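Engineer: One structure is given below, represented as structure tokens, and several questions about it will come after.
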Amino acid sequence: MTLASVRPAVIAVFLSFQGFSSGLAPGEISIQLKDLESKVEDVSRRGLPATVSLFSEKSESSGSGVIISQKGLILTAGHVVEGLEEVTVVFPDGKQARGRVLGSNLSKDAAMVQLQPDGEWPFVALGDSRDTKVGDFVISLGHAGGYDALRSPPVRFGRVVALNPLGFIGTDCALIGGDSGGPLFNLEGEVIGIHSSIGASLMANNHTGVQNFKTDWDRLEKGETWGRLTMNPLMNPDRPVIGFNVAGAVAGGVELAEVYPDSPADVVGMRRGDVVSRIEGQQVRNLRELQGVLSSHEPGNEVEVTFIREGESMTRKIKLARLADVLPEQE
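Quick note on our numbering: the sequence shown kicks off at 1 and runs consecutively.
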């Protein structure tokens, strides 16, 4: 399959001029828009051949995926392949291949599929979702509504509107069923996310960041499956926690607003006003970084937590708990 054999479908653009300097003359704005259009076309041209449809007669449903290595490793959403061992992989030109489902972290809605047999497949590069910022322009591909032989995967354009502490990215790209598991690109053509939950509104959708894959890469490739799917990852009852609420980011780390009674944090003597500066040696400057470090662990794991109290640095070994086990009971 050649790049020339795949033509981009209609590009849906929801563009706010707030992204451009308000001091620019109309002609200068036009130049910026043309440059942006050129980047979208370039990313689409490179990304379309690697954006595949995944379906199984067993589940009678379909989703999308993206090939990220020449040997045919596919990233997709955990819920697209949940409970499956094999899927049929359909390329934009109609070519089909078998895919063996590898591992899934359902809590992060992240999964891997390996194309069979080994070969040289079209692929795209991974970026770093940690570099993503609210307001960034992004490009979405996916087999909206399932594979359609009459058109290639539609190209959607939008912006990042939110960043979840657990590594999820919120955008206003217009997505529908069938897009789940498809790629979210930055303007450099790198995959930064995989479509996860499709919102009630066409333009309110979440994507699991590629860092969620990188953190668990070895386990996913080995075929391990773990975690639990929830609509709101932050309220997943199996999410690993230390047992405190955060007041906000301060100089040196993250300040605690509350410590839950009998939680791991309470057991080691942490209290309100302490500032968590490091977990497992990794600096945590805000809630997003703190949750990012914790999400690479599981309940029952022991982690080293460094916190500051009245200018004094302290380090404690803490055994992580399940969120459901530390939340106060609701009356």
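The C-beta atom is built at its ideal place from N, Cα and C for all residues, glycine as well. Since the structure is predicted, the reported quantities are computational estimates derived from the model, not experimental observations.
Run through DSSP, which three-state label would THR306 get?
Structural biologist: Position 306 of the sequence shown, counting from 1, holds the residue named residue 306. Reduced to three states, the DSSP call for THR306 is strand.
Engineer: Apart from the five residues just before and just after VAL101, which ones in its own chain have a Cβ nearer than 6 Å to its Cβ?
Structural biologist: Your numbering for residue 101 matches position 101 in the sequence shown. If we look at VAL101 and ignore the five residues flanking it on each side, its Cβ neighbours are VAL81, LEU84, GLU85 and VAL113.
Engineer: Are GLY63 and PRO183 close, meaning C-beta to C-beta below 8 Å?
Structural biologist: Locating residue 63 in the sequence shown gives position 63, counting from the first residue. Locating residue 183 in the sequence shown gives position 183, counting from the first residue. In this structure, PRO183 does not lie closer than 8 Å to GLY63 by Cβ.
Engineer: Would you identify the three-state DSSP class for GLN70, choosing helix, strand or coil?
Structural biologist: Within the sequence shown, residue 70 is the residue found at index 70, counting from 1. Coil, per DSSP.
Engineer: So is ARG228 buried or exposed if we call it buried at 16+ other beta carbons inside 10 Å?
Structural biologist: Position 228 of the sequence shown, counting from 1, holds the residue named residue 228. Exposed.
Engineer: Would you kindly work out how many angstroms separate the C-alpha atoms of LEU220 and ASP262, rounded to a whole number?
Structural biologist: Position 220 of the sequence shown, counted from the first residue, corresponds to residue 220. Position 262 of the sequence shown, counted from the first residue, corresponds to residue 262. Cα to Cα, the separation comes out at about 34 Å.
Engineer: Under DSSP, the alpha helix (DSSP H) around GLY78 begins and ends at which residues?
Structural biologist: Taking the first residue of the sequence shown as position 1, residue 78 is located at position 78. GLY78 -> alpha helix (DSSP H) spans 78–81.
Engineer: Measure the C-alpha to C-alpha separation of ASN206 and HIS195 and round it to an integer number of angstroms.
Structural biologist: Counting from 1 along the sequence shown, the entry for residue 206 is found at position 206. Counting from 1 along the sequence shown, the entry for residue 195 is found at position 195. Each residue's Cα considered, the two are about 6 Å apart.
Engineer: Just to check my reading of the structure: ILE308 and LEU294 have Cβ atoms closer than 8 Å, yes? What is that Cβ distance to the nearest angstrom?
Structural biologist: As a working note, residue 308 is residue 308 in the sequence shown. As a working note, residue 294 is residue 294 in the sequence shown. So it is not a contact: roughly 19 Å between Cβ atoms.
Engineer: Just list the alpha helix (DSSP H) runs in the stretch 232–309, keeping only unbroken ones of 4 residues or longer that don't cross its boundaries, in chain order.
Structural biologist: 264–267 and 287–294
Engineer: If you draw a straight line from the C-alpha of SER197 to the C-alpha of ASP136, how long is it?
Structural biologist: Your numbering for residue 197 matches position 197 in the sequence shown. Your numbering for residue 136 matches position 136 in the sequence shown. When rounded, the distance between both Cα atoms is 20 Å.
Engineer: Does ARG156 pass the burial test, meaning 16 or more other C-beta atoms within 10 Å, or should it be called exposed?
Structural biologist: The residue labelled residue 156 in the question sits at position 156 within the sequence shown. ARG156 comes out buried.
Engineer: Report buried or exposed for PRO154, applying the criterion of at least 16 other Cβ atoms within 10 angstroms of its Cβ.
Structural biologist: Position 154 of the sequence shown, counted from the first residue, corresponds to residue 154. Buried, since its Cβ has 16 or more Cβ neighbours within 10 Å.
Engineer: Could you say which of VAL191, VAL268, GLN211 and PRO122 lies nearest to LYS108 if we only look at CA atoms?
Structural biologist: Position 108 of the sequence shown, counting from 1, holds the residue named residue 108. Measuring from the Cα of LYS108, the nearest candidate turns out to be GLN211.
Engineer: Using only the alpha-carbon positions, how far apart do VAL138 and THR171 sit?
Structural biologist: Translated into the one-based positions of the sequence shown, residue 138 becomes position 138. Translated into the one-based positions of the sequence shown, residue 171 becomes position 171. Looking at the two C-alpha atoms, the distance is approximately 8 Å.
Engineer: Buried or exposed for PRO117, going by 16 or more other Cβ atoms inside 10 Å?
Structural biologist: If you number the sequence shown from 1, residue 117 lands on position 117. Taking all protein chains in view, the Cβ of PRO117 is surrounded by fewer than 16 other Cβ atoms within 10 Å, so the residue is classified as exposed.
Engineer: What residues match up with THR208 in a beta bridge as DSSP calls it?
Structural biologist: The residue you call residue 208 lines up with position 208 of the sequence shown. THR208 is bridged to PHE168 and ILE194.
Engineer: Enumerate in chain order the residues of its own chain whose CB-to-CB distance from VAL161 is below 7 Å, with the five nearest sequence positions on each side excluded.
Structural biologist: One-based indexing of the sequence shown puts residue 161 at position 161. Within the same chain, VAL161 has close Cβ partners VAL134, GLY170, THR171 and ASP172.
Engineer: Give the single residue among VAL275, THR315 and PHE55 whose Cα lies nearest to the Cα of VAL268.
Structural biologist: Indexing the sequence shown from 1 puts residue 268 at position 268. Ranking the options by Cα distance to VAL268, first place goes to THR315.
Engineer: Tell me, which residues are paired with LEU163 by DSSP?
Structural biologist: Position 163 of the sequence shown, counting from 1, holds the residue named residue 163. DSSP lists ILE169 as partners of LEU163.
Engineer: Can you have a look at GLU302 and say buried or exposed, based on whether 16 or more other CB atoms are within 10 angstroms of its CB?
Structural biologist: Here residue 302 corresponds to residue number 302 of the sequence shown, with the count starting at 1. Counting Cβ neighbours within 10 Å, GLU302 comes out exposed, since fewer than 16 surround it.
Engineer: So ASP216 packs on ALA110, CB below 8 Å; how close in whole Å?
Structural biologist: The residue labelled residue 216 in the question sits at position 216 within the sequence shown. The residue labelled residue 110 in the question sits at position 110 within the sequence shown. Contact flag correct, Cβ pair sits at about 7 Å.
Engineer: Looking at the structure shown, is ARG316 part of a helix, part of a strand, or coil, going by DSSP?
Structural biologist: For the purposes of this step, residue 316 is taken as the residue at position 316 of the sequence shown. In this structure, ARG316 counts as strand in the three-state DSSP scheme.
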